[in-house]
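Engineer:
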Amino acid sequence: MGNLSNLVVETILNRSSVRSYRSDQIDEQALSVILKCGLRAPNGWNHQPWDIICVQDKTFLDELNFAITSDSNGSVFYHAPTVVFISGDRNDEYYATDCPLAAENMIIAAASLGIGSCIIAYLSNFLNGQLGQTYKKKLGIPENYEVCVAIAFGYSTISAYLQSSRNESKIRKY
Ligand SMILES: Cc1cc2nc3c(=O)[nH]c(=O)nc-3n(C[C@H](O)[C@H](O)[C@H](O)COP(=O)(O)O)c2cc1C
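With the first letter of the sequence shown counted as 1, position 88 gets the number 130 in this note's numbering; the numbers rise by one all the way through.
1. How would you write the range of the beta strand (DSSP E) that Thr-124 sits in, first residue to last?
2. Quick check on Tyr-216: buried or exposed, where buried means 16 or more other Cβ atoms within 10 Å of its Cβ?
3. Is Glu-188 helix, strand or coil by DSSP?
4. What are the boundary residues of the alpha helix (DSSP H) that includes Val-50?
5. Tell me which residues share the same chain as Cys-96 and place their Cβ nearer than 6 Å to its Cβ, disregarding the 5 neighbours each side in the sequence.
6. I want to check one thing, is the minimum distance from the CB of Ala-163 to the heavy atoms of ligand 1 below 7 Å?
7. Where does Ser-198 fall in DSSP's three states?
8. Using C-beta distances below 7 Å, list every residue in its chain close to Tyr-164, excluding the 5 sequence neighbours before and after it, in chain order.
9. How big is the Cα-Cα spacing for Gln-98 and Pro-123?
10. If we call anything under 8 Å between Cβ atoms a contact, is Ser-159 one with Ala-202?
11. For Ile-94 versus Leu-77, is the C-beta spacing smaller than 8 Å?
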């Protein structure tokens, strides 16, 4: 079978969500690669029913965070310098599958380039709710699109994470 370990496999097996970020912005070229990898995700009929917006405007992110938490010190996205919102067209049959696939491609690409990430449900939940509509509009996300995944990106302040465990018995063979 040859060598079954390579950079992709190692990156997937070693990734952990990052919850403490440096304040410096991520490398612009690395970001382009990450976003491109998102677009390369498999998707139903190649409809690409996603809207992807990368937000690096700190003022906007802080304002959004405050709208969610009413706290200017804590941050639902851990003060990450970049947040990517992946929204899906509710009228498309497979948007709920396609958007997370794009997200995972970005997360793995980022990890391989030394950039940490964390999916933040607080952000997507808020933007999909009544109170988040103003912010969704400000981001130019179409009304009929659901914010499926919000991902915080940045350089981790922690070099090695203790990985969360996985239950191998969730895999069955027949
Ligand atoms: C749908 C979804 C929502 C999540 N929302 C949050 C969140 O709001 N805040 C957070 O810190 N982590 C969030 N996470 C990250 C998970 O907690 C994390 O992936 C899980 O504990 C496994 O850890 P690992 O990513 O380090 O392997 C979310 C992950 C997913 C897939």
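Here a beta-carbon is modelled for each residue, glycine too, at the ideal position from N, C-alpha and C.
Quick caveat: nothing in here was measured; it's all calculated off a predicted structure.
Structural biologist: In brief:
1. 124-131
2. exposed
3. strand
4. 49-56
5. Val-126
6. yes
7. strand
8. Ile-110, Val-118
9. 6 Å
10. no
11. yes
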